[in-house]
Amino acid sequence: RRMGVLTMVVASASGWFIVYLAISPLLSLLLVPETYFKVKNRAEESPKYLGELVDWNTKLPTFIHALLATYLASHCCFFDEDLINYKVTGYSDTWEVTLAVTCGFFIWDTILHLAYVKTLGNLMLIHAFLGLITYLICAASPEAPMAWHACSMLLFEASTPLMIIRWFLIKRQSSAASIQLATNAFGVSFFIVRMLWGNLVAFPMIWGALTSPRHSLIPAWKASLLLLLTPPMCLLNIYWMYRISRRMFL
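In terms of my numbering, the numbers along the sequence shown are unbroken and rise by one, the last being 294.
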């Protein structure tokens, strides 16, 4: 079974690279040819503009993954009885697919941000790295994968499609009213899924599970790493909410 998951992870990572390298540029040329040509030409003329092109091409795989992750994580958290009833030890086919899709995505995301850390920044590299390590940890101990809890964090991605839509409206030079509406919609969705669901529900439930004497199946190394990794995610949610709020109200 592990070999099957590993094969899916490799296929997933390869798929995200294909979307980034081939499909994203092609779709950009079809939808906004003039704007994309300008960005591409600037990047070819000067390395200091390369980050703009790289960031542009990441938007499509990020958008697709956010939609897939939201659908899969919602199914796992609210409809998958195996995971709902056994939040620490539960395992299912849907979780297996979710694990493969998301691990593959974070492998691509981490490699990309490592390669372009000077242009894309440290915060997104930290986000990608934390996501990758968290899911690898969940995959490493099948007797206690904590699948429900992992998917509860993956639901944070539900706000990402609105962020990409807002970015696209800006690139299309849409009206200020449309951009502001998208900004507000993104801010509200971010607050709901990351602040209310994430910081007030998902993280406390994870911390409770990790520190409960009832869950002795969780390896000590796994509990220690997750207790170390999840607080920075919580703090990132707060920091990004602050940044988004400034765009909404200032």
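No residue lacks a Cβ here, since even glycine has one placed at the ideal position from N, Cα and C.
Give the single residue among H157, M197, V63 whose Cα lies nearest to the Cα of A117.
Residue numbering aside, residue 117 sits at position 73 when the sequence shown is read from its first letter. For A117, the nearest C-alpha among the options comes from M197.
Enumerate, from N- to C-terminal direction, the unbroken alpha helix (DSSP H) stretches of 4 or more residues contained entirely within the stretch 72-101.
You should have 77-89.
I208: which of I262, T106, L50, M52 sits nearest, CA to CA?
Position 164 of the sequence shown holds residue 208. If we check each option's Cα against that of I208, T106 comes out closest.
Pick out whichever of T79, Y135, W60 has its Cα sitting closest to the Cα of W192.
The residue labelled residue 192 in the question sits at position 148 within the sequence shown. Residue Y135 is the option with its Cα nearest to W192.
Taking Cβ positions, are K131 and A246 nearer each other than 8 Å?
Position 87 of the sequence shown, counted from the start, is the residue given in the question as residue 131. Position 202 of the sequence shown, counted from the start, is the residue given in the question as residue 246. Not in contact: K131 and A246 (Cβ atoms no closer than 8 Å).
Return the residue from the list L261, L269, Q224 that minimises the CA-CA distance to A289.
Start at 1 with the first residue of the sequence shown, and residue 289 comes out as number 245. Looking at the sequence provided, one finds Ser at residue 289 rather than Ala. Cα-wise, what sits closest to S289 is Q224.
Beta carbon of T133: closer than 7 Å to some heavy atom of the ligand SAM?
Because no ligand of any kind appears in the structure shown, any question about the ligand SAM cannot be addressed here.
What is the C-beta distance between V83 and L97, in whole angstroms, given that I count them as a contact (C-beta under 8 Å)?
Along the sequence shown, one-based indexing puts residue 83 at 39. Along the sequence shown, one-based indexing puts residue 97 at 53. About 5 Å separates the two Cβ atoms, so the contact holds.
Does the stretch 254-265 come close enough to the stretch 174-191 that 3 or more CB-CB pairs lie under 8 Å?
With a cut-off of 8 Å, the stretch 254-265 and the stretch 174-191 count as touching, because enough Cβ pairs lie within range.
Taking only runs that begin and end inside the stretch 96-140, name each unbroken beta strand (DSSP E) of 3 or more residues, in chain order.
Correct list: empty.
Alpha carbons only, please: which of L176, W139, I62 is nearest the one belonging to T154?
Within the sequence shown, numbered from 1, the residue matching residue 154 stands at position 110. Among L176, W139, I62, the Cα nearest to that of T154 belongs to L176.
Give the secondary structure of Y286 by DSSP, where H, G and I count as helix, E and B as strand, and everything else as coil.
Counted from its first residue, the sequence shown places residue 286 at position 242. Residue state, collapsed to three classes: helix.
Between which two residues does the alpha helix (DSSP H) harbouring G242 extend?
Working through the sequence shown from its first residue, we reach residue 242 at position 198. It is not in any alpha helix (DSSP H) - G242 carries neither H nor E in the DSSP assignment.
So, helix, strand or coil for I155, using DSSP?
Residue numbering aside, residue 155 sits at position 111 when the sequence shown is read from its first letter. DSSP places I155 in helix when its eight states are reduced to three.
Would you mind reading off the limits of the alpha helix (DSSP H) that contains P257?
In the sequence shown, residue 257 corresponds to position 213, counting from 1. Counting along the chain, P257 falls outside any alpha helix (DSSP H), and DSSP gives it neither H nor E.
In whole angstroms, what is the alpha-carbon distance linking M239 and T255?
Here residue 239 refers to the residue found at position 195 of the sequence shown. Here residue 255 refers to the residue found at position 211 of the sequence shown. Going from the Cα of M239 to the Cα of T255 covers about 22 Å.
So with Cβ pairs under 8 Å, would you call N85 a contact of chain C?
Absent from the structure is chain C; it holds one protein chain and no more.
Would you call the CB atoms of K266 and I151 closer than 8 Å?
By one-based count along the sequence shown, residue 266 stands at place 222. By one-based count along the sequence shown, residue 151 stands at place 107. No, the Cβ-Cβ distance between K266 and I151 is not below 8 Å.
Please state whether DSSP places G231 in a helix, a strand or coil.
For the purposes of this step, residue 231 is identified with residue 187 of the sequence shown, where counting begins at 1. In this structure, G231 counts as helix in the three-state DSSP scheme.
Using 8 Å as the threshold, is the C-beta distance between T227 and A110 below it?
Here residue 227 is taken as the residue at index 183 of the sequence shown, counted from 1. Here residue 110 is taken as the residue at index 66 of the sequence shown, counted from 1. No, the Cβ-Cβ distance between T227 and A110 is not below 8 Å.
Taking Cβ to Cβ, would you say I250 is nearer than 8 Å to L272?
Position 206 of the sequence shown, counted from the start, is the residue given in the question as residue 250. Position 228 of the sequence shown, counted from the start, is the residue given in the question as residue 272. Their beta carbons are not under 8 Å apart, which means I250 does not touch L272 by this criterion.
Assuming L112 contacts V145 under a Cβ cut-off of 8 Å, what Cβ separation, rounded to an integer in Å, is found between them?
Reading the sequence shown from its first residue, position 68 is the one you call residue 112. Reading the sequence shown from its first residue, position 101 is the one you call residue 145. Yes, L112 and V145 are in contact; Cβ-Cβ is about 6 Å, under 8 Å.
Residue range of the alpha helix (DSSP H) that R210 falls in?
As a working mapping, residue 210 is identified with position 166 in the sequence shown. Looking at the DSSP string, the run of the alpha helix (DSSP H) that includes R210 is 204-215.
With C-beta atoms as the reference, is L199 less than 8 Å away from W139?
Within the sequence shown, the letter at position 155 stands for residue 199. Within the sequence shown, the letter at position 95 stands for residue 139. Their beta carbons are not under 8 Å apart, which means L199 does not touch W139 by this criterion.
Would you report the Cα separation of A183 and L143, rounded to the nearest angstrom?
As a position in the sequence shown, residue 183 is number 139, starting the count at 1. As a position in the sequence shown, residue 143 is number 99, starting the count at 1. Each residue's alpha carbon lies about 8 Å from the other.
Expressed to the nearest angstrom, what Euclidean distance is found between the alpha-carbon atoms of I128 and C120?
Along the sequence shown, read from residue 1 onward, the residue named residue 128 stands at position 84. Along the sequence shown, read from residue 1 onward, the residue named residue 120 stands at position 76. Taking the straight line joining both Cα atoms gives about 8 Å.
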